[in-house]
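Read the structure below first, then the notes.
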């Protein structure tokens, strides 16, 4: 499935524009991480793009999150590593590969970065840097839903937290127009 087809699939299942933007952010981050870690950015990007495909369908039943997505992806013949990473991002399968650990850790990080950009006076990703994000990261009450312990699992990819945040921030800055930031 091409990237455009995956995006259309996503848009046919998600109608909330902010959820779609979140998926675009995770896609961009996953591609950057794949390049940095020496993996295929297309597969990693695809995992990031479609990781929350069933979110609106399952938001009232979080235990079911990814169950429908897995059925859809398997039915469409998606690569098994992509399907597994989708399950792993939500804790429905143990992280095993660098792709699994990356999506598990970057999913909440994108929310923290967006929240940091929105609290900056300019409300733009271009206006923030790693130090700004790290200061927000250390504030326990800031972006509470961005679980720090999950983000810190980036160490399982071999990356330190500062580099991980930097890669994600630059990736998101690269698509800031798509994110409206």
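In this note's numbering, the protein residues as written are 166 to 346. Note that the Cβ used here is the ideal one computed from N, Cα and C, for glycine as well.
The stretch 167-174 makes no contact with the stretch 301-309; the number of CB pairs closer than 8 Å stays below 3. The alpha carbon of residue 214 has as its nearest neighbour, out of 200, 224, 186 and 225, the alpha carbon of 186. Secondary structure in the stretch 255-289: the alpha helix (DSSP H) runs of 4 residues or longer, each lying completely within the stretch, are 263-284 in chain order. At a Cβ-Cβ threshold of 8 Å, residue 191 and residue 293 do not count as neighbours. Collapsing the DSSP output to three states places residue 181 in coil. Contact check for residue 247 and residue 208: beta-carbon distance about 6 Å, within the 8 Å limit, so the pair qualifies.
DSSP, read as helix, strand or coil, puts residue 299 in helix. In terms of Cβ geometry, residue 281 and residue 289 do not form a close pair [threshold 8 Å].
In the three-state DSSP reduction, residue 226 falls in the coil class, being neither helix nor strand.
For residue 218, the three-state secondary structure derived from DSSP is coil.
Contact check for residue 218 against residue 189 fails: the beta carbons are separated by 8 Å or more.
Excluding the 5 residues flanking it on each side, residue 202 has same chain C-beta neighbours closer than 7 Å at 263 and 322, in chain order.
Cβ-Cβ separation between residue 340 and residue 298: approximately 17 Å, too far for a contact (criterion under 8 Å).
Boundaries cannot be given for residue 166, as no alpha helix (DSSP H) includes it and DSSP labels it neither H nor E.
Within its own chain, no residue has a Cβ closer than 8 Å to the Cβ of residue 304 once the five positions on either side in sequence are excluded.
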